[in-house]
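Novice:
In UniProt numbering, the protein residues as written are 1 to 196.
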């Protein structure tokens with residue numbers, strides 16, 4: 001399963017980069033008759049919104065645009081028009097799709113914005129990997145990208161493994177109270193030596 005949300009506001013991308021990584025949830029599963037603890041993982045990414053004509057150039061011949069009938073709850077418009085849009089960037093294989101609107105044009109606009117953001121991220125990551133290869137050995141990239149744990153049973157605790165910041169109000173964090181975690185991450189980043 002995947003989900004995409006859009007967050008607007010001053011410094012939104014800079015602050016939400018604190019959430020990038022693997023999040024772990026420990027809870028009693030409501031689907032387990034024996035009431036056992038279960039662990040789930042979610043991977044979170046943050047992309048800045050890139051306007052058309054920004055620092056990413058996309059040629060029309062590099063795109064495959066497919067339209068299809070949207071799925072979802074019934075209604076008089078579902079499965080009657082091909083309003084859903086899937087855009088594939090052929091050189092990278094990145095695929096985005098949107099079926100949120102009944103208008104194919106609006107769905108295409110949203111899909112293009114998401115594609116541009118993902119391409120910008122993809123190219124930044126490629127550049128980062130190239131510079132890391134030049135400085136091989138300085139930073140070890142290893143398994144263990146889990147940044148935060150949310151424990152809901154037998155006690156409630158949310159702990160950020162990068163900063164050590166902890167909160168006992170797990171439900172508050174799950175409801176969106178992330179400010180303490182973001183501030184701790186920003187303070188830690190400020191103390192780190194700058195990377196080339």
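All C-beta atoms, glycine included, are put in the ideal place defined by N, C-alpha and C.
Work out the CA separation of residue 17 and residue 109 for me, nearest whole Å.
Specialist: Locating residue 109 in the chain shown gives position 109, where the first residue counts as 1. Locating residue 17 in the chain shown gives position 17, where the first residue counts as 1. About 24 Å.
Novice: Is DSSP giving residue 99 helix, strand or coil here?
Specialist: Working through the chain shown from its first residue, we reach residue 99 at position 99. The answer is coil: DSSP assigns residue 99 none of H, G, I, E or B.
Novice: Is it right to say residue 13 is buried, meaning 16 or more other beta carbons lie within 10 angstroms of its own, or is it exposed?
Specialist: Taking the first residue of the chain shown as 1, we reach residue 13 at position 13. With fewer than 16 Cβ atoms within 10 Å of its Cβ, residue 13 is classed as exposed.
Novice: If I'm right that residue 65 touches residue 87 with Cβ under 8 Å, what's the distance once you round it to whole angstroms?
Specialist: Reading the chain shown from its first residue, position 65 is the one you call residue 65. Reading the chain shown from its first residue, position 87 is the one you call residue 87. The pair is a contact, with the Cβ atoms about 5 Å apart (cut-off 8 Å).
Novice: Buried or exposed, going by whether 16 or more other CB atoms sit within 10 Å of the CB of residue 99?
Specialist: On the chain shown, position 99 is the one that residue 99 refers to. Buried: at least 16 other Cβ atoms inside 10 Å.
Novice: Just how far apart, CA to CA, sit residue 46 and residue 23?
Specialist: The count along the chain shown starts at 1 and reaches residue 46 at position 46. The count along the chain shown starts at 1 and reaches residue 23 at position 23. If I take the Cα positions, the gap works out to 14 Å.
Novice: Could you name the residues of the same chain whose beta carbon sits closer than 6 Å to that of residue 152, not counting the 5 residues immediately before and after it, in chain order?
Specialist: If you number the chain shown from 1, residue 152 lands on position 152. Cβ within range, chain order: 27, 170.
Novice: When the distance is taken between beta carbons, is residue 83 closer than 7 Å to residue 59?
Specialist: Locating residue 59 in the chain shown gives position 59, counting from the first residue. Locating residue 83 in the chain shown gives position 83, counting from the first residue. Not a contact, by the Cβ cut-off of 7 Å.
Novice: Could you check if residue 107 is buried or exposed, using at least 16 other CB atoms within 10 Å of its CB as the buried criterion?
Specialist: Counting from 1 along the chain shown, the entry for residue 107 is found at position 107. So residue 107 counts as buried.
Novice: Thinking just about the alpha-carbon of each residue, which of 19, 7, 111, 1 is nearest to the one in residue 173?
Specialist: Along the chain shown, read from residue 1 onward, the residue named residue 173 stands at position 173. The option with the nearest alpha carbon to residue 173 is 19.
Novice: With DSSP as the reference, label residue 167 as helix, strand or coil.
Specialist: Position 167 of the chain shown, counting from 1, holds the residue named residue 167. Residue state, collapsed to three classes: strand.
Novice: Could you give the first and the last residue of the continuous beta strand (DSSP E) run that contains residue 176?
Specialist: Numbered from 1 along the chain shown, position 176 holds the residue referred to as residue 176. Where residue 176 is concerned, there is no enclosing beta strand (DSSP E), given that its DSSP letter is neither H nor E.
Novice: Would you tell me roughly how many angstroms separate the C-alpha atoms of residue 43 and residue 166, rounded to the nearest one?
Specialist: Here residue 43 is taken as the residue at index 43 of the chain shown, counted from 1. Here residue 166 is taken as the residue at index 166 of the chain shown, counted from 1. Using only the alpha carbons, I get a separation of about 20 Å.
Novice: Tell me the DSSP bridge mates of residue 150?
Specialist: Position 150 of the chain shown, counted from the start, is the residue given in the question as residue 150. Answer is 25, 158, bridged to residue 150.
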